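Trainee: Mapped onto UniProt numbering, the consecutive letters of the sequence shown carry residue numbers 203 to 463. Positions of the beta carbon are idealized from the N, C-alpha and C atoms, including for glycine. Keep in mind it's a predicted model, so treat the numbers as computed, not measured.
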Amino acid sequence: LLLSIGGVALLGAGVGGLFLADRALLPARQAWLKQQRFIADASHELRTPLTLLRADADVLLRGRKHLDEEDTALLDDIIGETTHMTRLAANLLTLARLDSSNVHHEQEVIDLTELATRVVHRVQSLAEQQQITVQITSSQPWQVLGDPVLLEQAILGLLDNAIKYNHAGGQVNVRTMKQNGQVILEIQDTGRGIAAEHLPHLGERFYRVDKARARSVGGTGLGLSIAQESALAHGGQLHIQSASGQGTTVRLTLPVVQGHH
Ligand code: ADP
Numbered sequence: 203l204l205l206s207i208g209g210v211a212l213l214g215a216g217v218g219g220l221f222l223a224d225r226a227l228l229p230a231r232q233a234w235l236k237q238q239r240f241i242a243d244a245s246h247e248l249r250t251p252l253t254l255l256r257a258d259a260d261v262l263l264r265g266r267k268h269l270d271e272e273d274t275a276l277l278d279d280i281i282g283e284t285t286h287m288t289r290l291a292a293n294l295l296t297l298a299r300l301d302s303s304n305v306h307h308e309q310e311v312i313d314l315t316e317l318a319t320r321v322v323h324r325v326q327s328l329a330e331q332q333q334i335t336v337q338i339t340s341s342q343p344w345q346v347l348g349d350p351v352l353l354e355q356a357i358l359g360l361l362d363n364a365i366k367y368n369h370a371g372g373q374v375n376v377r378t379m380k381q382n383g384q385v386i387l388e389i390q391d392t393g394r395g396i397a398a399e400h401l402p403h404l405g406e407r408f409y410r411v412d413k414a415r416a417r418s419v420g421g422t423g424l425g426l427s428i429a430q431e432s433a434l435a436h437g438g439q440l441h442i443q444s445a446s447g448q449g450t451t452v453r454l455t456l457p458v459v460q461g462h463h
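1) Measuring only between beta-carbons, confirm whether Q238 sits less than 8 Å from chain B.
2) Is any heavy atom of the ligand ADP found at a distance shorter than 7 Å from the C-beta of S427?
3) How would you call D391, buried or exposed, if buried means at least 16 neighbouring beta carbons within 10 angstroms?
4) Which one or two residues does DSSP pair with V385 in a beta bridge?
5) Apart from the five residues on each side of it in sequence, which residues of its chain come closer than 7 Å, Cβ to Cβ, to S341?
6) Quick check: the Cα distance between R266 and Q238, rounded to an integer number of angstroms?
7) Can G405 and S427 be called in contact, C-beta distance under 8 Å?
8) With hydrogens ignored, establish whether the beta-carbon of G371 is closer than 7 Å to any heavy atom of the ligand ADP.
9) May I have the straight-line CA-CA distance separating Q443 from N382, to the nearest angstrom?
10) Can you tell me whether N363 sits near the ligand ADP, meaning its C-beta is under 7 Å from at least one heavy atom of the ligand?
11) Just to confirm, is the Cβ distance from L456 to V385 under 8 Å?
12) Got a sec: does the ligand SAM put a non-hydrogen atom nearer than 7 Å to the Cβ of I334?
13) I338 by DSSP, collapsed to three states: which one?
14) Taking only three categories from DSSP, how would you classify V368?
15) Cβ atoms of N375 and residue 489: under 8 Å apart, would you say?
16) Could you work out which residue in G438, R225, Q430, L440 is closest to T296 when comparing CA atoms only?
17) Any chance the CB of I281 is under 7 Å from a heavy atom of the ligand ADP?
18) Shorter than 7 Å, the distance from the beta carbon of V321 to the closest heavy atom of the ligand ADP, or not?
19) What is the DSSP secondary structure of L269, reduced to helix, strand or coil?
20) Relative to the alpha-carbon of Q331, which residue among L387, F408, D362 has its alpha-carbon at the smallest distance?
21) Over the uninterrupted alpha helix (DSSP H) stretch that includes S446, give me the two end residues.
22) Where does E316 fall in DSSP's three states?
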């Protein structure tokens with residue numbers, strides 16, 4: 203089953219274009235932008251208290267030998283939840299930035315192979331902890347134009363999923379290629395796969411296939427939304443090919459830079 207999440211239609215219309223076409227939309231657009239700014243500010247404001255909370259819990263845990271088992275378990279919970287909330291705040295901030303089309307995204311020529319290789323290195327120890335092998339098989343550089351921070355975050359989320367929803371002894375294969383004038387990053391995993399009925403919902407914010415288990419694997423339910431919207435913001439697309447029990451292949455497609463390759 204092949205699914206193309208979302209589509210280019212929404213971004214293609216462009217908020218600016220709609221505004222010119224219909225002045226009546228101005229108040230709605232302003233209200234919407236205000237809401238995006240509020241979400242961005244709120245996520246940003248949450249980061250400092252969360253960092254302080256985490257630091258306090260770390261200090262208390264360092265005196266672990268003076269604590270009984272129950273208190274230690276409670277502190278571990280606090281640290282776990284703080285880490286989760288920090289991730290949530292960071293993801294919401296990224297989505298709010300992606301949503302407000304008037305925010306200027308950095309545009310740089312990026313070698314997608316190099317970027318992917320760097321992210322593969324970043325997840326290596328996480329993968330080893332879960333006995334999963336992650337490898338990148340491409341070395342040829344492919345240039346794309348984009349925001350390196352956004353793209354790195356998108357790829358990190360996809361690789362995190364390929365590890366998180368995999369089995370011990372499983373594999374993740376990453377490769378980059380060029381096809382029909384587009385550069386493609388492909389992440390293939392040997393994990394549990396995704397049943398057909400869930401595929402159309404994966405781009406929805408906070409959508410998770412297995413809500414009960416979702417808590418134990420961590421994650422925020424925003425990783426695929428970020429990857430999808432980053433792809434769209436770069437004039438690209440995100441495709442997910444999967445079936446239950448058969449692993450998942452995610453393809454991030456980006457336009458190639460003119461004059462490169
Ligand atoms: P989460 O933080 O829950 O991982 P995502 O937005 O990244 O959120 O993914 C949404 C849901 O899609 C996940 O909860 C999971 O059920 C499913 N999913 C995403 N990637 C994979 C994958 N590689 N293999 C299996 N299921 C996946």
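Mentor: In short:
1) Looking at the structure shown, chain B is missing, and only one protein chain is on hand.
2) Yes, since a heavy atom of the ligand ADP falls inside the 7 Å radius drawn around the Cβ of S427.
3) buried
4) BP columns for V385 point to K380, L456.
5) Correct list, in chain order: T315.
6) 42 Å
7) In this structure, the beta-carbon distance from G405 to S427 falls below 8 Å.
8) no
9) If I take the Cα positions, the gap works out to 19 Å.
10) yes
11) In this structure, L456 sits near V385, with a CB-CB distance shorter than 8 Å.
12) You won't find the ligand SAM in this model; what it holds is the ligand ADP.
13) strand
14) The sequence given here places Asn at residue 368; Val does not occur at that position. It is coil, neither helix nor strand.
15) An answer regarding residue 489 cannot be provided, because it is not within the stretch 203 to 463 covered by the chain.
16) Residue Q430 is the option with its Cα nearest to T296.
17) no
18) No, the ligand ADP has no heavy atom inside 7 Å of this Cβ.
19) coil
20) Shortest Cα-Cα distance from Q331 to any of L387, F408, D362 involves D362.
21) First-last for S446: undefined, no H or E at that position.
22) helix
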